[in-house]
């Protein structure tokens, strides 16, 4: 029976004798099935290799014509040869394929060295196909017999060598830097355990002096209460709805806000709701996003005063109001402004709904509450002002205003007058030094972001800067610009951090300013002069007609940019095919390094608009004088659209896509998109996010580790952890541990500040895209760590309304 299926390759196959446990007919059927299966796999492999080869030939030719790598067209042609040999059942298919695998290994090592995340996509699929070619039934169906093993050896050798190199690359882990930050005392540094401002206090350090939780006991952390705000995305909301709030803790209470600007007080021990205030804000679907990062707290003028509104909270709303609320009851303070609120639309001119509001909590500086605002970039050249306003925290009276368009006129604006349109805004968080009497303000860019031809000299000088203002009068004391003539939306989005640094020349009152560019500038906060060296480096020129570029840009000696200059070999993909397309896309774009100006052709912008550091900033331990940072590495593509072309597209309904902005009144509209592969993953190689430990005395990155997995970014919960972007920042504690929830997987993690080693993690019910906080519980005396898991609608993270507290067992 077996003889009718016999092929020449099977002449050494024996039919079992009658004493065998398996009947001859079953063996024959098994052999028949193997032969048929082998033939099917052979044909399927041939088809796949033909498709792969053809695709690589076409893409490789396009790449070669753009002076790109010749690997793809050569490999594509070789794969077509192998496919033909398989169809012809020629044993030569195996050694030829072995040459492809070995050549790919040599090429990959030459391009990226022992970087596993870049080696795997280059050779993984080829190794898989090679293993299939070595499977017995497949091998036999292409004319390879056991009697001719010499033709198997090259492919076996190539596959073993490739897998061995992959293992070595995994062990080498070149993206990881191991080191140890200076040790410090793991003891409470004198604190009542409160968290009184978004960054812990007015210095913005994201640090707590509590030390109950340490590297030795953090593994015992457990959830102790879980509160649901009940605030979910609604019909008519903007696309991007996220809860980025960091709660406050004062006395017995925890205070937070929700995306729809509901203010909530919880019992700090149990998480029980004490009160809720809903301003019933008008929500505009055309707003860029909807969030509330936090409330601000002003203590009573007389300690211990419990009269209504003696201690108060300040709540910004999406319809441009600022409320003062009684901290005990949540009721509006009637003596503040009009019915408890001031109107932030005053002086802004004809303001469209959703175009301006304060997403970040205002700064309380003594008796003043100082607030800026978020402006929806790139709508027009007549957008609301970026003015910063200081109100009397008791009455709501406007005390001073500082407008970067008129920086030396700080007297309150007269009734009926308007602030400067399009002046740089401060949408993030400011800091305050009461001893110096200075407020430190991070400034954004002047919109339109990607075209600066119409900016005034004074605006151009102050945009994308950190400025110091006199807290009493708003007078400008100094400014430090982090990007000159910003054409890349490199707003200074992180809160300035204040600490006194012990340097060889003595103690210096310092300001640490993280930026989107990856530069961390360390300045003397008295004068704005650099403490850590800053040099001006030449950058590409060639802006579009009507605009210009700065000749140089400032670069700090402390820079967290992963790879300052992207290259074609740094393009990435899950397979050679999407990687090839990323290479083609890279070659089609204009890119001459950082600060390549926007173009009609399309410009690769790296770091991109998300920035290396954004609103969540970094954490600084002022005792150990170290910082914990979670930088992001994502490129974007900016494409300018000439006004006539934009108008034509708009007339045909073609400018409503995500990322498109009109810049009405400017010569160009703009389209801004992340630089992604056809599979929706970044075109640059991982890591896309890391955790880093910095010694601020020396300005050195002492340790760095890729941080976060793709578990919640793929349909299957894959265990790969290449390092993912972070939306939400870290906190550090005197106990030597840091906490972070902002990675794009749904975890809260605890780390050893000294080494960066992950010590603990807990699964969250949604993405935790907010900065955690910690406090001392008022009755049990336990150190609590509170995280908010509200998801992020715009990036596909499911919505949530979770506030969760963790603590050690009693």
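Residue numbers (my numbering): -6 to 803.
Ideal placement from N, C-alpha and C gives every residue a C-beta, glycine not left out.
Checking the sheet assignment: what are the DSSP bridge partners for residue i?
{"i": "residue 257", "result": "249, 269"}
{"i": "residue 633", "result": "663"}
{"i": "residue 612", "result": "621"}
{"i": "residue 517", "result": "503"}
{"i": "residue 221", "result": "795"}
{"i": "residue 350", "result": "367"}
{"i": "residue 362", "result": "357, 384"}
{"i": "residue 325", "result": "318"}
{"i": "residue 552", "result": "512"}
{"i": "residue 241", "result": "248"}
{"i": "residue 584", "result": "Looking at the DSSP assignment, residue 584 forms no beta bridge with any residue, so it has no partner."}
{"i": "residue 493", "result": "502"}
{"i": "residue 306", "result": "290, 318"}
Please say whether residue j and residue i have beta carbons closer to each other than 8 Å?
{"i": "residue 482", "j": "residue 431", "result": "no"}
{"i": "residue 748", "j": "residue 736", "result": "no"}
{"i": "residue 687", "j": "residue 612", "result": "no"}
{"i": "residue 587", "j": "residue 599", "result": "yes"}
{"i": "residue 604", "j": "residue 486", "result": "yes"}
{"i": "residue 518", "j": "residue 504", "result": "yes"}
{"i": "residue 364", "j": "residue 375", "result": "no"}
{"i": "residue 759", "j": "residue 783", "result": "yes"}
{"i": "residue 717", "j": "residue 761", "result": "no"}
{"i": "residue 580", "j": "residue 49", "result": "no"}
{"i": "residue 198", "j": "residue 674", "result": "no"}
{"i": "residue 228", "j": "residue 268", "result": "no"}
{"i": "residue 811", "j": "residue 52", "result": "The requested residue 811 is not part of the displayed model; the chain covers only -6 to 803."}
{"i": "residue 203", "j": "residue 734", "result": "no"}
{"i": "residue 288", "j": "residue 249", "result": "yes"}
{"i": "residue 771", "j": "residue 244", "result": "yes"}
{"i": "residue 259", "j": "residue 246", "result": "yes"}
{"i": "residue 456", "j": "residue 417", "result": "yes"}
{"i": "residue 96", "j": "residue 43", "result": "no"}
{"i": "residue 335", "j": "residue 348", "result": "no"}
{"i": "residue 659", "j": "residue 316", "result": "no"}
{"i": "residue 692", "j": "residue 422", "result": "no"}
Which class does residue i belong to by DSSP, given the choice of helix, strand or coil?
{"i": "residue 282", "result": "coil"}
{"i": "residue 163", "result": "helix"}
{"i": "residue 235", "result": "strand"}
{"i": "residue 785", "result": "strand"}
{"i": "residue 431", "result": "strand"}
{"i": "residue 693", "result": "strand"}
{"i": "residue 15", "result": "For residue 15, the predicted structure reports a pLDDT of 46, less than 50, and the residue's modelled location is therefore unreliable. A value from the coordinates is still provided. DSSP places residue 15 in coil when its eight states are reduced to three."}
{"i": "residue 262", "result": "coil"}
{"i": "residue -5", "result": "Its pLDDT being 31, under 50, residue -5 is placed unreliably in this model, and the value from its coordinates should be taken loosely. In this structure, residue -5 counts as helix in the three-state DSSP scheme."}
{"i": "residue 335", "result": "strand"}
{"i": "residue 196", "result": "coil"}
{"i": "residue 687", "result": "strand"}
{"i": "residue 488", "result": "coil"}
{"i": "residue 745", "result": "strand"}
{"i": "residue 627", "result": "coil"}
{"i": "residue 24", "result": "Note that residue 24 has pLDDT 47, beneath the 50 cutoff, so the model's placement of it is unreliable and no number is given."}
{"i": "residue 48", "result": "helix"}
{"i": "residue 800", "result": "strand"}
{"i": "residue 577", "result": "helix"}
{"i": "residue 157", "result": "helix"}
{"i": "residue 55", "result": "helix"}
{"i": "residue 213", "result": "helix"}
{"i": "residue 529", "result": "strand"}
From the beta carbon of residue i, is the nearest beta carbon of chain C less than 8 Å away?
{"i": "residue 626", "result": "Absence of chain C from the displayed structure is noted, only one protein chain being present."}
Alpha helix (DSSP H) runs wholly inside the stretch 70 to 136, at least 4 long, in chain order: With a minimum length of 4 residues, the continuous alpha helix (DSSP H) runs that stay inside the stretch 70 to 136 are 86 to 105, 109 to 127, 129 to 134.
Sufficient close CB pairs (3 or more, under 8 Å) joining the stretch 688 to 702 to the stretch 728 to 742: yes
Start-end ranges of the beta strand (DSSP E) lying completely within the stretch 378 to 462, minimum 3 residues: DSSP runs (the beta strand (DSSP E)) wholly in the stretch 378 to 462: 381 to 385, 391 to 395, 424 to 426, 431 to 435.
Cβ contact check for the stretch 381 to 400 and the stretch 658 to 666: 3 or more pairs under 8 Å: No, the stretch 381 to 400 does not touch the stretch 658 to 666.
At least 3 beta-carbon pairs within less than 8 Å: the stretch 762 to 772 vs the stretch 232 to 239: yes
Touch test, the stretch 260 to 274 against the stretch 290 to 304, Cβ-Cβ under 8 Å, three pairs minimum: no
At least 3 beta-carbon pairs within less than 8 Å: the stretch 269 to 281 vs the stretch 308 to 319: yes
Three-pair Cβ contact test at 8 Å for the stretch 157 to 170 versus the stretch 100 to 111: The stretch 157 to 170 vs the stretch 100 to 111: in contact.
Three or more C-beta pairs below 8 Å linking the stretch 215 to 223 and the stretch 791 to 799: yes
Beta strand (DSSP E) runs wholly inside the stretch 700 to 786, at least 3 long, in chain order: 724 to 726, 730 to 733, 740 to 745, 751 to 756, 766 to 769, 776 to 782
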